[in-house]
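Trainee:
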Amino acid sequence: MSATTAPRVDTSAGSPRPPGPRPRRLGTVGHRVLVALLLVYLLAPFVWMLVYSLYPSSALQQARPDLDPSLLTGASYARLLSDTSFLVPMANSAVVGISTTIICMVLGSACAYAFARYRFRGRSTLLLGMLTVQAIPVIVLAVPLFILLRAFGLYDRLPGLIVTYTAFILPLVVWMLVGFFDEIPPSLERAARIDGCNRLQIMVKIAFPLAAPGLAATAILAFITSWSDFFLAKVLTSTSASTLPVKTAAFQGLFAMDYTSAATAGVITAVPVLVLALVAQKWIIRGLVEGAVKG
Numbered sequence: 003m004s005a006t007t008a009p010r011v012d013t014s015a016g017s018p019r020p021p022g023p024r025p026r027r028l029g030t031v032g033h034r035v036l037v038a039l040l041l042v043y044l045l046a047p048f049v050w051m052l053v054y055s056l057y058p059s060s061a062l063q064q065a066r067p068d069l070d071p072s073l074l075t076g077a078s079y080a081r082l083l084s085d086t087s088f089l090v091p092m093a094n095s096a097v098v099g100i101s102t103t104i105i106c107m108v109l110g111s112a113c114a115y116a117f118a119r120y121r122f123r124g125r126s127t128l129l130l131g132m133l134t135v136q137a138i139p140v141i142v143l144a145v146p147l148f149i150l151l152r153a154f155g156l157y158d159r160l161p162g163l164i165v166t167y168t169a170f171i172l173p174l175v176v177w178m179l180v181g182f183f184d185e186i187p188p189s190l191e192r193a194a195r196i197d198g199c200n201r202l203q204i205m206v207k208i209a210f211p212l213a214a215p216g217l218a219a220t221a222i223l224a225f226i227t228s229w230s231d232f233f234l235a236k237v238l239t240s241t242s243a244s245t246l247p248v249k250t251a252a253f254q255g256l257f258a259m260d261y262t263s264a265a266t267a268g269v270i271t272a273v274p275v276l277v278l279a280l281v282a283q284k285w286i287i288r289g290l291v292e293g294a295v296k297g
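Numbering (my numbering), first residue to last: 3 to 297.
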């Protein structure tokens with residue numbers, strides 16, 4: 003008998019290839035369109051405010067604003083930035099924002115490090131209490147804060163605003179930073195203790211540099227919150243300690259509104275926030291993403 007062999011099938015030409023991954027162009031286009039729409043939604047108010055700040059008030063107070071490009075001018079910026087009644091609130095906002103941020107970061111980083119490194123009874127309750135504080139509407143505490151500051155002679159004074167903002171922002175700072183410090187490997191700190199570092203040196207030389215993105219993101223958020231707050235500044239100040247948002251709202255009169263001055267003040271208020279966000283965007287994004295993952 004002769005052995006029969008099965009015919010060989012050429013699989014190189016006729017056999018179908020397994021389907022490969024197809025480019026998900028539709029999803030990519032949809033994602034880009036969604037991002038573009040979101041950017042337009044977020045930037046349109048600022049662009050419109052910037053445009054209004056470059057036109058004279060007489061052109062904007064008509065039934066149909068006259069947006070003739072030949073009327074563009076930057077005179078409102080020169081006028082406001084040379085007006086003492088505007089520069090004082092701007093300086094007040096800077097002092098309050100910087101002071102509040104420094105105090106919150108110094109106290110908050112130390113508290114957050116302690117919460118991350120020590121396990122004690124009531125730790126979770128305290129952290130939950132800090133988060134609960136953020137859920138209390140500010141309007142509920144407005145009258146008690148007003149009475150309290152009047153009793154201590156801090157009404158319409160910058161220290162009163164700084165203390166108030168610190169009380170509201172500090173729990174948020176602690177809550178955000180606990181996640182960053184909690185993810186630092188304890189082995190690094192044990193090695194530093196073997197080398198002779200005390201707890202303060204470990205915190206300054208090891209923990210803070212490793213948590214730098216989180217510290218930067220938290221500091222910027224603390225500054226933005228205190229810099230741009232309107233409600234508490236309106237309730238707790240009158241004239242001498244009024245801040246930039248309060249001054250911006252003052253351009254709206256009882257029967258008319260100075261649109262140019264209000265838009266110019268709004269742009270000036272937003273510029274420091276935009277500059278900080280652009281300069282530190284790398285640390286902000288990294289800090290917020292890591293905080294979301296670690297938290």
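Each residue gets a CB set at the ideal place from its N, CA and C atoms; glycine is no exception.
How big is the Cα-Cα spacing for residue 142 and residue 238?
Mentor: Locating residue 142 in the sequence shown gives position 140, counting from the first residue. Locating residue 238 in the sequence shown gives position 236, counting from the first residue. The alpha-carbon atoms of residue 142 and residue 238 are separated by roughly 14 Å.
Trainee: Classify residue 283 as helix, strand or coil using the three-state DSSP reduction.
Mentor: The sequence position of residue 283 within the sequence shown is 281, counting from 1. Here residue 283 sits in helix by DSSP.
Trainee: Do you know offhand how far residue 164's Cα is from residue 139's?
Mentor: Position 162 of the sequence shown, counted from the first residue, corresponds to residue 164. Position 137 of the sequence shown, counted from the first residue, corresponds to residue 139. Rounded to whole angstroms, residue 164 to residue 139 spans 19 Å at the Cα level.
Trainee: What residue ranges within the stretch 29-74 form continuous alpha helix (DSSP H) runs of no fewer than 4 residues, ordered along the chain?
Mentor: Counting only runs of 4 or more, we get 59-62.
Trainee: Which residues does DSSP list as the beta-bridge partners of residue 178?
Mentor: As a working note, residue 178 is residue 176 in the sequence shown. None, per the DSSP bridge assignment.
Trainee: Is the CB-CB distance between residue 262 and residue 91 below 9 Å?
Mentor: Numbered from its first residue, the sequence shown carries residue 262 at position 260. Numbered from its first residue, the sequence shown carries residue 91 at position 89. Contact flag unset, no.
Trainee: Can you name the start and end residues of the alpha helix (DSSP H) that residue 247 belongs to?
Mentor: Locating residue 247 in the sequence shown gives position 245, counting from the first residue. Segment 246-251, the alpha helix (DSSP H) holding residue 247.
Trainee: Give the DSSP-derived three-state secondary structure of residue 254 in the structure shown.
Mentor: Mapped onto the sequence shown, residue 254 falls at position 252. Residue state, collapsed to three classes: strand.
Trainee: So the alpha helix (DSSP H) residue 230 belongs to, where does it begin and stop?
Mentor: On the sequence shown, residue 230 is found 228 positions in, with the first residue counted as 1. Where residue 230 is concerned, the enclosing alpha helix (DSSP H) stretches over 214-230.
Trainee: Spatial neighbours of residue 144 within its chain, please: C-beta separation below 6 Å, excluding the five flanking residues on both sides.
Mentor: For the purposes of this step, residue 144 is taken as the residue at position 142 of the sequence shown. So the qualifying residues of the chain are 237.
Trainee: In angstroms with no decimal places, state the Cα-to-Cα distance between residue 54 and residue 42.
Mentor: Here residue 54 corresponds to residue number 52 of the sequence shown, with the count starting at 1. Here residue 42 corresponds to residue number 40 of the sequence shown, with the count starting at 1. Straight-line Cα distance between these residues: approximately 17 Å.
Trainee: Is it the case that the Cβ atoms of residue 110 and residue 202 are separated by a distance below 9 Å?
Mentor: Counted from its first residue, the sequence shown places residue 110 at position 108. Counted from its first residue, the sequence shown places residue 202 at position 200. Their beta carbons are not under 9 Å apart, which means residue 110 does not touch residue 202 by this criterion.
Trainee: Could you give the first and the last residue of the continuous alpha helix (DSSP H) run that contains residue 203?
Mentor: Within the sequence shown, residue 203 is the residue found at index 201, counting from 1. Where residue 203 is concerned, the enclosing alpha helix (DSSP H) stretches over 201-204.
Trainee: Let me check understanding here. Comparing Cα to Cα, which of 211, 135, 105, 166 lies closest to residue 150?
Mentor: Residue numbering aside, residue 150 sits at position 148 when the sequence shown is read from its first letter. It is 166.
Trainee: Is the distance from the Cβ of residue 306 to the Cβ of residue 44 below 9 Å?
Mentor: Coverage of the chain is limited to positions 3 through 297, which leaves residue 306 absent and any answer about it impossible.
Trainee: Considering just the uninterrupted stretch of the alpha helix (DSSP H) at residue 100, what are its terminal residues?
Mentor: Start at 1 with the first residue of the sequence shown, and residue 100 comes out as number 98. First-last of the alpha helix (DSSP H) with residue 100: 86-119.
Trainee: Starting from the C-beta of residue 209, find all residues in its chain whose C-beta is less than 8 Å away, skip the five residues before and the five after it, and write them out in chain order.
Mentor: The residue given as residue 209 occupies position 207 in the sequence shown. Taken in chain order, the residues that qualify are 115, 183, 186, 191.
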